[in-house]
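Following: one structure in structure tokens, then a few remarks.
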Amino acid sequence: MICIKDNKAIENGQIVEMRYEPNSELGYTWVPLRVRDDKDKPQYFTIANNIWKTINNPVSTQMIKGVIDFDEVSKEANDSQEYYVDTYESEDTPIRDLHNYIKSKLISRIGSSTEFKNDIMIADLSCGRGGDIKKYLSLKNDIEFILGLDISSNVNEAAQRYYHLNGRNPKAMFLQFDTSKSISQKLGCLGNKEQCENMIDIMFNKTGTYPKEFKKIQKEYGGIAKQGFDIVSSQFSVHYYFKSEETLRGFCENVRDLCSTGGYFIGTCYDGKKVFDMFTKHSSDTVEMKDSLGSLIYQIKKLYDIENFDYEEGTLDEESVMDLMVGKEIEVFMSSIGQPIVEYLVNFKFFIDIMKEYGFELHDLPKFNKKEYNPIRDPINSFSEIIEVTDTIRENDKEFIKKTRNSELYKVKDNMEYSRLCGLNNWFVFKKI
Numbered sequence: 001m002i003c004i005k006d007n008k009a010i011e012n013g014q015i016v017e018m019r020y021e022p023n024s025e026l027g028y029t030w031v032p033l034r035v036r037d038d039k040d041k042p043q044y045f046t047i048a049n050n051i052w053k054t055i056n057n058p059v060s061t062q063m064i065k066g067v068i069d070f071d072e073v074s075k076e077a078n079d080s081q082e083y084y085v086d087t088y089e090s091e092d093t094p095i096r097d098l099h100n101y102i103k104s105k106l107i108s109r110i111g112s113s114t115e116f117k118n119d120i121m122i123a124d125l126s127c128g129r130g131g132d133i134k135k136y137l138s139l140k141n142d143i144e145f146i147l148g149l150d151i152s153s154n155v156n157e158a159a160q161r162y163y164h165l166n167g168r169n170p171k172a173m174f175l176q177f178d179t180s181k182s183i184s185q186k187l188g189c190l191g192n193k194e195q196c197e198n199m200i201d202i203m204f205n206k207t208g209t210y211p212k213e214f215k216k217i218q219k220e221y222g223g224i225a226k227q228g229f230d231i232v233s234s235q236f237s238v239h240y241y242f243k244s245e246e247t248l249r250g251f252c253e254n255v256r257d258l259c260s261t262g263g264y265f266i267g268t269c270y271d272g273k274k275v276f277d278m279f280t281k282h283s284s285d286t287v288e289m290k291d292s293l294g295s296l297i298y299q300i301k302k303l304y305d306i307e308n309f310d311y312e313e314g315t316l317d318e319e320s321v322m323d324l325m326v327g328k329e330i331e332v333f334m335s336s337i338g339q340p341i342v343e344y345l346v347n348f349k350f351f352i353d354i355m356k357e358y359g360f361e362l363h364d365l366p367k368f369n370k371k372e373y374n375p376i377r378d379p380i381n382s383f384s385e386i387i388e389v390t391d392t393i394r395e396n397d398k399e400f401i402k403k404t405r406n407s408e409l410y411k412v413k414d415n416m417e418y419s420r421l422c423g424l425n426n427w428f429v430f431k432k433i
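In the UniProt record's numbering, the protein residues as written are 1 to 433.
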């Protein structure tokens, strides 16, 4: 059999891209398009199933005619802010592997610090489906409690993942919550709002009468978060809060209210100034990378319209500064997500100043067991720093050698396009003074 796009003969064991045509003139339902020599595994089942559903449940004539309120359907889908990052092998796997490695070392660098004398408290303000749960459970320090919050209903999968991995020890709670809105006032509760509100009241030991079904929860979790969290984490999500001054300040207030004095606020995100400078030098409003067949691996689109994104330290209160620093949109596509996501530029000089306003400062990293290799040495730095020491990591990090597909990390180092994208990211560590 010959593929109709690349004219290659199909051999046993090959992965082939197919098109579903129930009325094909060729006489068979599945039409072979091309041999995927670039793939060593077939498509992830969930993705294939979603494509199949789309084929069988396409946009209908009723939707087009307006019989079905398509705008409302679309709005509900967009408002949910749900998207899925699949773990199957894809062209952006090296990028995801590097990001996961850096997140793991960042979380370990703070969470396994010898500075903590008691069991630690962790709040993840963008836990998604719980991809970082294993990283928390691998810390050298014992954990008293994990709080996972996320605007998406995917947080329910985080809860399932946690209890599947670790049962009920340490204690944990996962809630659907918009963390740009006040946690103390319960303004961001989503999904089952009544349950969310009761759980927050119980965690912070607020007085009140609870429904009888919450009595057992109250006994187990009552006041558990009242003293604050040692670590507040926001991985690859801070940029969403830079949508407006309101969302940014709402988020910063939550970080301040949740983090205990002496605790740490850690995270990762694009350095918006790097992104801005990249587009300034680029002739197009789009930066992208494609595979050998022309499929997108990643794409960043410039949606903002400004000629300057500089910030001078100490000018936070000056007129028009806030307007310049928030709301600067970009659209990011990653092949593993499969849809474009709107993000906002983060100027790190501005970020540092606004965190000072909420009681956080850059600080020397806490004491750490020097026998364990960790490349995270600075409170803020670029992912490029990690890419540049890939050889050192491979020689010194036993955990990396044991658990990580080191060949994937080398793909980032050896590929200029991968390195460019990953190098746009920073990690950060703030301490609450």
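All C-beta atoms in this analysis are idealised placements derived from N, C-alpha and C, irrespective of residue type, glycine included. All values derive from a computational prediction rather than experimental measurement.
Exercise for the section: Identify the continuous beta strand (DSSP E) that holds R168 and give its terminal residues. Expected result: Locating residue 168 in the sequence shown gives position 168, where the first residue counts as 1. Element bounds for R168: n/a, residue is neither H nor E.
Exercise for the section: Tell me, to the nearest whole angstrom, how far the beta carbon of F265 is from that of Y298; I am working on the premise that it is less than 8 Å. Expected result: Mapped onto the sequence shown, residue 265 falls at position 265. Mapped onto the sequence shown, residue 298 falls at position 298. Not really, about 28 Å apart at Cβ, beyond 8 Å.
Handout entry: Extent of the continuous alpha helix (DSSP H) to which K193 belongs
Key = If you number the sequence shown from 1, residue 193 lands on position 193. Start and end: K193 to M203.
Handout entry: Straight-line Cα distance separating S283 from L316
Key = For the purposes of this step, residue 316 is taken as the residue at position 316 of the sequence shown. For the purposes of this step, residue 283 is taken as the residue at position 283 of the sequence shown. Each residue's Cα considered, the two are about 31 Å apart.
Handout entry: Distance between I200 and Y210 (C-alpha atoms, nearest Å)
Key = Along the sequence shown, read from residue 1 onward, the residue named residue 210 stands at position 210. Along the sequence shown, read from residue 1 onward, the residue named residue 200 stands at position 200. Approximately 12 Å between the Cα atoms of the pair.
Exercise for the section: Tell me F229's beta-bridge partners as DSSP assigns them. Expected result: Along the sequence shown, one-based indexing puts residue 229 at 229. Answer is C259, bridged to F229.
Handout entry: CB-CB length for S234 against L345, believed under 8 Å
Key = Locating residue 234 in the sequence shown gives position 234, where the first residue counts as 1. Locating residue 345 in the sequence shown gives position 345, where the first residue counts as 1. Actually they are not in contact, since the Cβ atoms of S234 and L345 sit about 16 Å apart, beyond 8 Å.
Practice task
Whole angstroms is fine: what's the gap from N169's alpha carbon to L147's?
Solution key: One-based indexing of the sequence shown puts residue 169 at position 169. One-based indexing of the sequence shown puts residue 147 at position 147. Distance between the alpha carbons of N169 and L147 is about 13 Å.
Handout entry: Straight-line Cα distance separating M1 from A158
Key = Along the sequence shown, read from residue 1 onward, the residue named residue 158 stands at position 158. Along the sequence shown, read from residue 1 onward, the residue named residue 1 stands at position 1. Rounded to the nearest angstrom, the two C-alpha atoms are 44 Å apart.
Exercise for the section: Could you have a look at Q43 and say whether DSSP puts it in helix, strand or coil? Expected result: Along the sequence shown, read from residue 1 onward, the residue named residue 43 stands at position 43. If DSSP states are grouped into helix, strand and coil, Q43 belongs with coil.
Exercise for the section: Alpha carbon to alpha carbon, how far is K117 from S80? Give it in angstroms, no decimals. Expected result: In the sequence shown, the residue the question calls residue 80 occupies position 80. In the sequence shown, the residue the question calls residue 117 occupies position 117. Residue placement at S80 is poorly supported in this model, since its pLDDT is 47, which falls under 50; the coordinates are not used for a value here.
Exercise for the section: Return the bridge partner residues of Q176 from the DSSP annotation. Expected result: Position 176 of the sequence shown holds residue 176. According to DSSP, Q176 shares a beta bridge with D150.
Exercise for the section: Express the C-alpha separation of F145 and Q218 in angstroms, rounding to a whole number. Expected result: The count along the sequence shown starts at 1 and reaches residue 218 at position 218. The count along the sequence shown starts at 1 and reaches residue 145 at position 145. Roughly 15 Å separates the two Cα atoms.
Problem - Burial state of A172, where buried means 16 or more other Cβ atoms lie within 10 Å - result: Indexing the sequence shown from 1 puts residue 172 at position 172. By the 10 Å Cβ count, A172 comes out buried.
Practice task
Please report how far the alpha carbon of V287 lies from the alpha carbon of K301, in whole angstroms.
Solution key: Taking the first residue of the sequence shown as position 1, residue 287 is located at position 287. Taking the first residue of the sequence shown as position 1, residue 301 is located at position 301. So the alpha carbons of these two residues sit roughly 7 Å apart.
Exercise for the section: Report buried or exposed for E361, applying the criterion of at least 16 other Cβ atoms within 10 angstroms of its Cβ. Expected result: For this step, residue 361 is matched to residue 361 along the sequence shown. By the neighbour-count rule (16 or more Cβ atoms within 10 Å), E361 is not buried but exposed.
Exercise for the section: Indicate the three-state DSSP secondary structure (helix, strand or coil) for S80 in the structure shown. Expected result: Numbered from 1 along the sequence shown, position 80 holds the residue referred to as residue 80. Note that S80 has pLDDT 47, beneath the 50 cutoff, so the model's placement of it is unreliable and no number is given.
Problem - C422 and V429 closer than 9 Å at C-beta - result: Against the sequence shown, residue 422 aligns to sequence position 422. Against the sequence shown, residue 429 aligns to sequence position 429. No, the pair does not count as a contact, with Cβ atoms beyond the cut-off.
Practice task
Report yes or no: do three or more beta-carbon pairs, one from the stretch 102-114 and one from the stretch 305-319, lie closer than 8 Å?
Solution key: no
Handout entry: Beta-carbon proximity list for T247, same chain, < 6 Å, skipping 5 on both sides
Key = The sequence position of residue 247 within the sequence shown is 247, counting from 1. Closer than 6 Å at Cβ, skipping near neighbours: S180 and Y241.
Problem - Straight-line Cα distance separating G294 from S182 - result: Here residue 182 refers to the residue found at position 182 of the sequence shown. Here residue 294 refers to the residue found at position 294 of the sequence shown. Their backbone Cα atoms lie some 44 Å apart in a straight line.
Exercise for the section: Please state if the CB of F229 and the CB of S260 are separated by a distance shorter than 9 Å. Expected result: The residue given as residue 260 occupies position 260 in the sequence shown. The residue given as residue 229 occupies position 229 in the sequence shown. A contact, by the Cβ cut-off of 9 Å.
Problem - Spatial distance of N205 from K432 (CA atoms) - result: One-based indexing of the sequence shown puts residue 205 at position 205. One-based indexing of the sequence shown puts residue 432 at position 432. About 23 Å.
Problem - Inter-residue spacing [alpha-carbon to alpha-carbon] between Q195 and K367 - result: Reading the sequence shown from its first residue, position 195 is the one you call residue 195. Reading the sequence shown from its first residue, position 367 is the one you call residue 367. Between Q195 and K367, the C-alpha separation is close to 39 Å.
Handout entry: The beta strand (DSSP E) enclosing Q299, as first and last residue numbers
Key = Translated into positions along the sequence shown, residue 299 becomes position 299. First-last of the beta strand (DSSP E) with Q299: L296 to K302.
Problem - Contacts around K274, its chain only, beta-carbon distance under 7 Å, and the 5 residues preceding and following it disregarded - result: Position 274 of the sequence shown holds residue 274. Only L424 meet the Cβ criterion.
Handout entry: Closest residue to Y358 among L258, M289, F279 and G191 (Cα-Cα distance)
Key = The sequence position of residue 358 within the sequence shown is 358, counting from 1. Per the Cα distances, L258.
Exercise for the section: Would you check if the distance between the CB atom of N308 and the CB atom of L296 is smaller than 9 Å? Expected result: For the purposes of this step, residue 308 is identified with residue 308 of the sequence shown, where counting begins at 1. For the purposes of this step, residue 296 is identified with residue 296 of the sequence shown, where counting begins at 1. In this structure, L296 does not lie closer than 9 Å to N308 by Cβ.
Exercise for the section: Excluding the 5 residues preceding and the 5 following P340 in the sequence, name in chain order all residues of the same chain whose CB lies nearer than 6 Å to its CB. Expected result: Taking the first residue of the sequence shown as position 1, residue 340 is located at position 340. Cβ within range, chain order: E331 and F333.
Handout entry: Cβ pair E91, S335 closer than 9 Å
Key = The residue you call residue 91 lines up with position 91 of the sequence shown. The residue you call residue 335 lines up with position 335 of the sequence shown. Yes, these two residues count as a Cβ contact at 9 Å.
Exercise for the section: Can you tell me which of the three DSSP states N425 falls into? Expected result: Walking along the sequence shown from the start, residue 425 turns up at place 425. N425: strand per DSSP, three-state reduction.
Problem - Rounded straight-line distance, which links the Cα of F279 to that of I387 - result: Walking along the sequence shown from the start, residue 387 turns up at place 387. Walking along the sequence shown from the start, residue 279 turns up at place 279. Each residue's Cα considered, the two are about 22 Å apart.
Practice task
Decide if R129 is buried, meaning its Cβ has at least 16 other Cβ atoms within 10 Å, or exposed.
Solution key: The residue you call residue 129 lines up with position 129 of the sequence shown. Buried is the call here.
Exercise for the section: Could you give the DSSP three-state label for V73: helix, strand or coil? Expected result: As a position in the sequence shown, residue 73 is number 73, starting the count at 1. Confidence is the limiting factor: at V73 the pLDDT is only 46, short of 50, which leaves the residue's position unreliable and the question unanswerable from this model.
Exercise for the section: Give the single residue among N154, I122 and I102 whose Cα lies nearest to the Cα of N141. Expected result: As a first step, residue 141 must be located in the sequence shown, where it is residue number 141. N141 has its Cα closest to that of I122, out of N154, I122 and I102.
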